[in-house]
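Quick note, in this note's numbering, the sequence shown goes up one by one and the last residue is 1691. Even glycine gets a Cβ: it sits at the ideal position worked out from N, Cα and C. What follows is one structure encoded as structure tokens, with my remarks underneath.
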Amino acid sequence: MPTESIPVPTAKARASKEPEMLTGSGAILRTLEHLGIKDVFGLPGGAIIPFYDELMASTTIRHILVRHEQGAGHAAEGYSATGGQVGVCIATSGPGATNLVTAIADAYMDSVPLLAITGQVFSTLMGTDAFQEVDIVGITMPITKHSFLVTDPADVPATLAAAYQIATTGRPGPVLVDITKDAQQKSAPYIWPAKVDLPGYRPVVKAHGKQILAAAELLATAERPVLYVGGGVNRAHASAELLELANATGAPVVTTLMARGVFPDSHHQNLGMPGMHGTVPAVLALQEADLIVSLGARFDDRVTGKPSEFAPLAKIVHVDIDPAEIGKIRMPDVPIVGDAKDVIVDLTSAYADAKKEHAPDIAAWWERLESLREQYPLGYTMPDDGLLSPQQVIQRIGELTGPEGIYAAGVGQHQMWAAQFIKYERPNSWLNSGGAGTMGYAVPAAMGAKVAEPDRVVWAIDGDGCFQMTNQELATCTINNIPIKVAIINNSSLGMVRQWQTLFYEGRHSFTDLNTGHDTVMIPDFVKLADAYGCLAIRVTKQDEVDAAIKLALETNDRPVVIDFIVSRDAMVWPMVPQGVGNSQVQYAKDHAPEWEEE
């Protein structure tokens, strides 16, 4: 993400000669307004009441009252991940703050800029095990870019300004600001920092020119290059620059789970998603490459498989804004620290010069890749148990909604199918919990995305297990007129765990049956539950009902819509590379490759 200075305060604020006296709570509100924050998600409690008392009078900031703080965190993530303003979530001390932890960890893993504001007990009570006292700064230190504790109201403006700058520059991520109740209540002069100076925090944006030239030389001489594109390209808003580089080089492109949409699926050079459930051409392209240019990707274990067997013949160019990622999993031949957008622009220019000297020829490489495409197309078989195909349901949602929609997925089989069978043509159209793998992400993230992009259709594609973790936010959606669409891919089980039990544990499906859709008693009945939340509720059990239900959902914009799709529990996600083996052992379908065992 490009390095940016904090927003400049309004002319009215600059014109004031004498600092205005504000309570700490008033300073929080004023600072959020200076930062351009328009929407926040939260839930009040004792230690944050002073700020909420100020917030209710705001005419510029919309507060959305969630039903659980985790929902506030994921909603702020979804809001931020659409590519616009920073997401803000607010909670009280103790359990309110700890309920944000999962969302904060999720944002940290996926580099989502997030500002979490929590109330804390009186500073005089800290360390006494006071009611609802928790050291949230200490708890979140490993899962934030930084965590602040504020005990003096005079420190509020500079601290929040610094938090905003840290969250949005370099490798973006979450920052927590914990503010004691007495700091919220006391008054101090409101002084906006002329400049945020953070000793030791100097994100590198422009890469070293020598490294760029070395990368361009490798790219111009490679016979089997691959552009390995990760979520960092998305966070850097570098989709257009990536397209230019790909067109210039003609190299195949693979987009990780976090990068779906940053490069158009319709582009001929896009081989799809690599990794554990990636397409065979994408997986084997990385495995057989002689050069991998990694752009904003971190060589995650879900992509590399067994690291010692990953891409054994490839030289590596690793581009990342975070120097800690360089060489963490695979030692690069050319390390490049810098912002993805700037680096890609420089690399495209350098490649144009380098190819004049080398005349690169990758025709034979494309012949190999085209043969893989023809031999291993992405597809599925219809179930023989009379139930719906989950892949077909998700594919139809994508086809009927189109590329202008936003799709947020939970975690599990439905997540992988949504990544595989919806065609993504633009950045920020695909939201999911990639690194943390958080069940319950989809509904609140979709809610946040709809607040950020009210004119777009927003789907939460969820499993029946994930849905039961955060479905209470449907009440938030109904009351606040946030008409998201929810597709429950209901296989009445914890599907991905069940798949592993089928493949690696001799079919012993221990404690994965949820009884939500395949039995005479549905616990809960999702249609009744959604109706109770004020949603349009639909259940689909037959294939010829699928399109009509999706179309009705698309036509309904006065309330949320929940569709309970009853799908086969025996459907599995293919292709698959099991954990602990090399990517060469990718299995196209259960009966289409050598046997392997989980390691």
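Run of the alpha helix (DSSP H) containing residue i, from where it starts to where it stops
i, result
"residue 1248", "1248-1260"
"residue 1557", "1556-1562"
"residue 1187", "1187-1190"
"residue 1659", "Careful: residue 1659 lies outside any alpha helix (DSSP H) and carries neither H nor E."
"residue 1443", "1432-1450"
"residue 1280", "Careful: residue 1280 lies outside any alpha helix (DSSP H), inside the beta strand (DSSP E) at 1279-1282."
"residue 1499", "Note, residue 1499: premise wrong, no alpha helix (DSSP H); beta strand (DSSP E) at 1498-1501."
"residue 1239", "Careful: residue 1239 lies outside any alpha helix (DSSP H), inside the beta strand (DSSP E) at 1238-1242."
"residue 1143", "1141-1147"
"residue 1482", "1482-1493"
Exposed unless 16 or more other CB atoms sit within 10 angstroms - verdict on residue i
i, result
"residue 1597", "exposed"
"residue 1148", "exposed"
"residue 1507", "buried"
"residue 1424", "buried"
"residue 1613", "exposed"
"residue 1300", "exposed"
"residue 1405", "exposed"
"residue 1106", "In this predicted model, residue 1106 has a pLDDT of only 49, less than 50, meaning its place in the structure is not dependable enough to derive any value."
"residue 1478", "exposed"
"residue 1636", "exposed"
"residue 1386", "buried"
Beta-carbon proximity list for residue i, same chain, < 6 Å, skipping 5 on both sides
i, result
"residue 1246", "1280"
"residue 1167", "1133, 1536, 1539 and 1540"
"residue 1615", "1607"
"residue 1117", "1142, 1143, 1146 and 1276"
"residue 1549", "1493 and 1497"
"residue 1361", "1338, 1344 and 1345"
"residue 1368", "1394 and 1669"
Cα-Cα separation, residue i to residue j
i, j, result
"residue 1376", "residue 1670", "15 Å"
"residue 1212", "residue 1253", "19 Å"
"residue 1240", "residue 1529", "26 Å"
"residue 1673", "residue 1209", "42 Å"
"residue 1230", "residue 1295", "24 Å"
"residue 1594", "residue 1392", "25 Å"
"residue 1687", "residue 1434", "Low local confidence applies: a pLDDT of 48 at residue 1687 is under 50, so the model's placement there is unreliable, with the coordinate-based value given in what follows. One C-alpha to the other measures close to 45 Å."
"residue 1305", "residue 1289", "33 Å"
"residue 1322", "residue 1222", "44 Å"
"residue 1336", "residue 1137", "50 Å"
"residue 1509", "residue 1482", "8 Å"
"residue 1094", "residue 1429", "Confidence at residue 1094 is low in this model, with a pLDDT of 40, below 50, so its placement is unreliable and the value that follows should be read with caution. One C-alpha to the other measures close to 13 Å."
"residue 1520", "residue 1356", "12 Å"
"residue 1291", "residue 1262", "15 Å"
"residue 1216", "residue 1185", "15 Å"
"residue 1453", "residue 1667", "30 Å"
"residue 1570", "residue 1623", "11 Å"
"residue 1266", "residue 1358", "33 Å"
"residue 1328", "residue 1431", "7 Å"
Delimiting residues of the beta strand (DSSP E) encompassing residue i
i, result
"residue 1269", "1266-1272"
"residue 1429", "1426-1429"
"residue 1223", "No beta strand (DSSP E) contains residue 1223, which DSSP labels as neither H nor E."
"residue 1155", "1154-1157"
"residue 1384", "1383-1387"
7 Å Cβ shell around residue i - same chain, five flanking residues per side excluded
i, result
"residue 1278", "1115, 1116 and 1245"
"residue 1111", "1281, 1282 and 1283"
"residue 1150", "1121"
"residue 1503", "1525, 1529, 1530, 1531, 1533 and 1558"
"residue 1373", "1363, 1364, 1461, 1464, 1465 and 1468"
"residue 1426", "1303, 1306, 1307, 1310 and 1409"
"residue 1119", "1245, 1248, 1249 and 1282"
Integer-rounded CB distance, given that residue j should sit under 8 Å from residue i
i, j, result
"residue 1437", "residue 1517", "The Cβ separation is near 22 Å, so there is no contact."
"residue 1193", "residue 1259", "Actually they are not in contact, since the Cβ atoms of residue 1193 and residue 1259 sit about 17 Å apart, beyond 8 Å."
"residue 1350", "residue 1326", "7 Å"
"residue 1633", "residue 1655", "So it is not a contact: roughly 11 Å between Cβ atoms."
"residue 1660", "residue 1470", "Contact doesn't hold; Cβ gap of about 18 Å is too wide."
Own chain residues within Cβ distance below 8 Å of residue i, not counting five before or after
i, result
"residue 1643", "1492"
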